[in-house]
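Heads up, this note's numbering is the position in the sequence shown plus 20, with the first residue counted as 1.
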Amino acid sequence: MKKLLLTATALTAFAPFQASAEEIDVTIVAGHPPIFIWVRHLAETFVPTVDAALDGTEHSINWNEAYGGSLARVGGESDAVASGLAQIAYNPTLFNPALYPLQNIGYMAPFATTDPRLAAATVEQLQRDIPEMAAAWTEQDQVFLGGGFAIDSYQIFTTFPIEALADIDGRRICAAGPAANWLRGTGAVAVSSSLTEYYNSIQTGVCDGAINFATAAAPGGLAEVAPHMTIVDFGAPFAAALSANIDFYDDLPDAVQAALHEGAAAYSEAVFAAQDALLDASYDRIREDGGIVADFPAEERALWVNALPNVSQEWAVIQEENGLPGDAVLSAFMSALREAGETPPRDWDTE
Numbered sequence: 021m022k023k024l025l026l027t028a029t030a031l032t033a034f035a036p037f038q039a040s041a042e043e044i045d046v047t048i049v050a051g052h053p054p055i056f057i058w059v060r061h062l063a064e065t066f067v068p069t070v071d072a073a074l075d076g077t078e079h080s081i082n083w084n085e086a087y088g089g090s091l092a093r094v095g096g097e098s099d100a101v102a103s104g105l106a107q108i109a110y111n112p113t114l115f116n117p118a119l120y121p122l123q124n125i126g127y128m129a130p131f132a133t134t135d136p137r138l139a140a141a142t143v144e145q146l147q148r149d150i151p152e153m154a155a156a157w158t159e160q161d162q163v164f165l166g167g168g169f170a171i172d173s174y175q176i177f178t179t180f181p182i183e184a185l186a187d188i189d190g191r192r193i194c195a196a197g198p199a200a201n202w203l204r205g206t207g208a209v210a211v212s213s214s215l216t217e218y219y220n221s222i223q224t225g226v227c228d229g230a231i232n233f234a235t236a237a238a239p240g241g242l243a244e245v246a247p248h249m250t251i252v253d254f255g256a257p258f259a260a261a262l263s264a265n266i267d268f269y270d271d272l273p274d275a276v277q278a279a280l281h282e283g284a285a286a287y288s289e290a291v292f293a294a295q296d297a298l299l300d301a302s303y304d305r306i307r308e309d310g311g312i313v314a315d316f317p318a319e320e321r322a323l324w325v326n327a328l329p330n331v332s333q334e335w336a337v338i339q340e341e342n343g344l345p346g347d348a349v350l351s352a353f354m355s356a357l358r359e360a361g362e363t364p365p366r367d368w369d370t371e
């Protein structure tokens, strides 16, 4: 049985989960709406995979699916799960760098890789190798289920053409979370924002553009207000994963725990497959909306890369001051990418 929660108030109609019962009530939350593939595949892949894994057992789940801000805003999913308001979340760690600082390493090492699968696999491996990374989840009263997701490479969408780095000097550019660091040293002004705010912020003149990625920009119609898409390739960082409330999880039968992990693995694969399939179509949609897609000249991209301060080392120092292994995470991340065949234009870990 599935119920789509349209408002947080509607949640009160449902009883809390009962782990000892044959049917377990579970609220799953995401702040973004289902037009985005990482939310759509919660309903289309994660939920049915878990149900299939439990088919024939004595356990089943009664799902309450709360998407699109109906229960938690974007970035509020972690708090919703930690408090027990929801049991499972699509948890976008990029919006909570204070809660999941080490998971944000990809955002703090720009231009390092444009391969989303590699980026996600690298962070998940680091979580297995570095205890402090795994501990971030338990510190938020959560369990990492899997479903690690990295975004297709970020580009820049603007109301004006960009042919040189100097063209963004003085311009106000919307950026989500740590992506604002990619504008440092360029003369542009970063405006903190999120995917669901970009369109209106540009339309109303708050921003002259936004850092975004094709598979989100296309369904959001961003090219309607920012028709100039410049291929800068900032990188494809790890951005989110699925997590569960730790008390809820610990009370579950082993079979249900295993089903959740199985569902998360299927979800991750489905999202990446959808991302691959949608990428070309997204470029087509952007052009249909009036977008003009242009490559950024290689020499200007090099200027951009080298204009940035070493944001990676700055980040690592802050983590070390907070008692976290920032140096080790940065070194392991960059080393893993190089071992996988990537050639980052800057060796952030050794400069």
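Yeah, the Cβ is synthetic: ideal placement off N, Cα and C, and Gly gets one too.
Range of the contiguous alpha helix (DSSP H) that encloses residue i
i: Ile48; result: From DSSP, Ile48 is part of no alpha helix (DSSP H) but of the beta strand (DSSP E) over 43-49.
i: Trp324; result: 318-327
i: Ser355; result: 346-359
Own chain residues within Cβ distance below 7 Å of residue i, not counting five before or after
i: Ile57; result: Thr235, Val291, Ala294, Gln295, Leu298
i: Arg307; result: Val313
i: Ala336; result: Gly346, Asp347, Leu350
i: Ser185; result: The amino acid at residue 185 is misidentified as Ser; the sequence shows Leu. Only Thr206, Glu320, Leu323, Trp324, Ala327 meet the Cβ criterion.
N- and C-terminal bounds of the beta strand (DSSP E) containing residue i
i: Tyr174; result: 174-178
i: Arg204; result: It is not in any beta strand (DSSP E) - Arg204 carries neither H nor E in the DSSP assignment.
i: Trp368; result: Neither: Trp368 is in no beta strand (DSSP E) and is coded neither H nor E.
i: Gly229; result: 229-233
Distance between beta carbons of residue j and residue i, contact taken as under 8 Å
i: Ala63; j: Glu85; result: 6 Å
For residue j and residue i, the rounded distance between their alpha carbons
i: Asn116; j: Gly95; result: 6 Å
i: Ala275; j: Ala72; result: 12 Å
i: Val211; j: His79; result: 47 Å
i: Ser98; j: Glu152; result: 18 Å
i: Tyr120; j: Arg321; result: 29 Å
i: Leu91; j: Leu74; result: 26 Å
i: Ala260; j: Ile108; result: 13 Å
i: Ala102; j: Pro68; result: 24 Å
i: Phe131; j: Asp271; result: 42 Å
i: Thr133; j: Tyr269; result: 34 Å
i: Asn124; j: Pro273; result: 32 Å
i: Val163; j: Ile182; result: 43 Å
i: Tyr110; j: Gly241; result: 23 Å
Sequence-distant residues of its chain with Cβ nearer than 6 Å to residue i (five each side left out)
i: Asn201; result: Val331
i: Tyr287; result: His61, Thr65, Phe66, Gly167
Residues of its chain near residue i, where Cβ-Cβ distance is below 8 Å and the 5 sequence neighbours each way are ignored
i: Cys8; result: The displayed coordinates of the chain run from 21 to 371. Any statement about residue 8 would go beyond what the structure contains.
i: Phe180; result: Asp187, Arg191, Asp228, Gly229, His248
Buried or exposed by the 16-neighbour rule on C-beta atoms within 10 Å, applied to residue i
i: Ala360; result: exposed
i: Leu26; result: In this prediction, Leu26 has a pLDDT of 36, which is less than 50 and means its spatial position is unreliable; nothing more can be read from the coordinates.
i: Thr158; result: exposed
i: Asn342; result: exposed
i: Gly310; result: exposed
i: Gly76; result: exposed
i: Asp172; result: buried
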